[in-house]
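Visitor: Attaching a single structure in structure tokens format; questions to follow.
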């Protein structure tokens, strides 16, 4: 397979490159505009966290193994699901006076503790407070949830799954608003995922199943958005 064909295939699997959707902020030469510094254009795979931090503040993106990916604005159903799930997690942790910290995007996660990867999971729980810094999270969260969209589905389901597992994330959920499914990976046991529906109560395994996210209740509260579609 030719190099160009390989790059096209990588795009299909992983999402949209930021430079493709916003070529104006990736010039061939270094320049300064509107008070921010834009790095010299590089090949995908060569970008670093230094380049990532020089992006405009209103530009959401992720850096994975030196490649920068655009992050489109989430749909309303995405935001509603995230807020309801987050409330469930916060409620359990606060009730039990736990040390773990639930967080939601946008928060920078320096997943591999190197200068080539910076992700922004939709939801996460960090139990080792030493990983929390003023700039974000340094290292792997214990628990991550990604809410799938058309533009992120393949990246979240394959690329991020592999990255999270390798980095030491203990549990990973993929919430699919379109199919009304929740795919749960217990990454500590490296077993096949368990698939739940929006009629189920889904246990959080890092809390030994004592914390449960009731998707039947969540769906009941947000189904109006589906009825409007």
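In the UniProt record's numbering, the protein residues as written are 1 to 229. Even glycine gets a Cβ: it sits at the ideal position worked out from N, Cα and C. Note that the structure is predicted; figures quoted are calculated from it, not measured.
1. Looking only at its chain, what residues have a beta carbon closer than 6 Å to the beta carbon of residue 196, apart from the 5 residues adjacent to it on each side?
2. Note the first and the last residue of the continuous beta strand (DSSP E) segment covering residue 124.
3. Could you check if residue 205 is buried or exposed, using at least 16 other CB atoms within 10 Å of its CB as the buried criterion?
4. Going by DSSP, what residues sit across from residue 67 in a beta bridge?
5. Rounded to whole angstroms, what's the CA-CA distance from residue 118 to residue 222? Just pull it up for me.
6. Mapping DSSP to helix, strand and coil, what is residue 47?
7. Thinking C-alpha only, which one of 228, 163 and 173 is nearest residue 63?
8. In angstroms, rounded to a whole number, what distance separates the CA positions of residue 124 and residue 42?
9. Within 10 angstroms of its Cβ, does residue 216 collect 16 or more other Cβ (buried), or is it exposed?
10. I need the boundaries of the beta strand (DSSP E) containing residue 101, first residue and last residue.
11. Between which two residues does the alpha helix (DSSP H) carrying residue 224 extend?
12. Have a look at residue 99 and residue 212 and give me their C-alpha separation to the nearest angstrom.
13. For residue 54, is the classification buried or exposed, using 16 other Cβ atoms within 10 angstroms of its Cβ as the cut-off for buried?
14. Could you pull the start and end residues of the beta strand (DSSP E) that residue 113 belongs to?
15. When you compare only the Cα positions, how much space is there between residue 88 and residue 159?
16. Run through the DSSP bridge pairs and tell me what residue 89 is partnered with.
17. Along the chain, which unbroken stretches of the beta strand (DSSP E) at least 3 residues long are found entirely within the segment 165-202?
18. Can you say whether residue 155 is buried or exposed, counting buried as having 16 or more other CB atoms within 10 angstroms of its CB?
19. Please name the residue in 139, 120, 210 and 121 whose C-alpha comes closest to that of residue 129.
20. Looking only at DSSP bridge pairs, what is residue 55 linked to?
21. How is the beta strand (DSSP E) around residue 206 delimited, first residue to last?
Guide: Inspection of the coordinates gives the following:
1. Position 196 of the chain shown, counting from 1, holds the residue named residue 196. Excluding positions up to five away in sequence, the list reads 182 and 202.
2. Translated into positions along the chain shown, residue 124 becomes position 124. Run containing residue 124: 123-126, per the beta strand (DSSP E) assignment.
3. Taking the first residue of the chain shown as 1, we reach residue 205 at position 205. Its Cβ being crowded by 16 or more others within 10 Å, residue 205 is buried.
4. Here residue 67 refers to the residue found at position 67 of the chain shown. Residue 67 pairs with 64.
5. Translated into the one-based positions of the chain shown, residue 118 becomes position 118. Translated into the one-based positions of the chain shown, residue 222 becomes position 222. Using only the alpha carbons, I get a separation of about 31 Å.
6. Position 47 of the chain shown, counting from 1, holds the residue named residue 47. Coil, per DSSP.
7. Residue 63 sits at position 63 when you count from the first residue of the chain shown. Cα-wise, what sits closest to residue 63 is 163.
8. The sequence position of residue 124 within the chain shown is 124, counting from 1. The sequence position of residue 42 within the chain shown is 42, counting from 1. Cα to Cα, the separation comes out at about 31 Å.
9. As a working note, residue 216 is residue 216 in the chain shown. By the neighbour-count rule (16 or more Cβ atoms within 10 Å), residue 216 is not buried but exposed.
10. One-based indexing of the chain shown puts residue 101 at position 101. 101-104 is the span of the beta strand (DSSP E), which, as asked, contains residue 101.
11. In the chain shown, the residue the question calls residue 224 occupies position 224. Start and end: 215-227.
12. On the chain shown, position 99 is the one that residue 99 refers to. On the chain shown, position 212 is the one that residue 212 refers to. Rounded to the nearest angstrom, the two C-alpha atoms are 18 Å apart.
13. By 1-based counting over the chain shown, the position of residue 54 is 54. It is exposed - the Cβ of residue 54 has fewer than 16 other Cβ atoms within 10 Å.
14. Mapped onto the chain shown, residue 113 falls at position 113. From DSSP, residue 113 is part of no beta strand (DSSP E); its letter is neither H nor E.
15. To locate residue 88, count along the chain shown from 1; it is residue 88. To locate residue 159, count along the chain shown from 1; it is residue 159. Each residue's Cα considered, the two are about 27 Å apart.
16. Translated into the one-based positions of the chain shown, residue 89 becomes position 89. Residue 89 is not bridged to any residue.
17. 171-176, 181-186 and 194-197
18. The residue labelled residue 155 in the question sits at position 155 within the chain shown. The residue is buried, with at least 16 neighbouring Cβ atoms inside 10 Å.
19. Within the chain shown, numbered from 1, the residue matching residue 129 stands at position 129. Residue 139 is the option with its Cα nearest to residue 129.
20. Position 55 of the chain shown, counting from 1, holds the residue named residue 55. Residue pairing of residue 55 in beta bridges, as defined by DSSP: absent, with no partner found.
21. Locating residue 206 in the chain shown gives position 206, counting from the first residue. Taken as a continuous stretch (DSSP letters only), residue 206 belongs to no beta strand (DSSP E), as it is neither H nor E.
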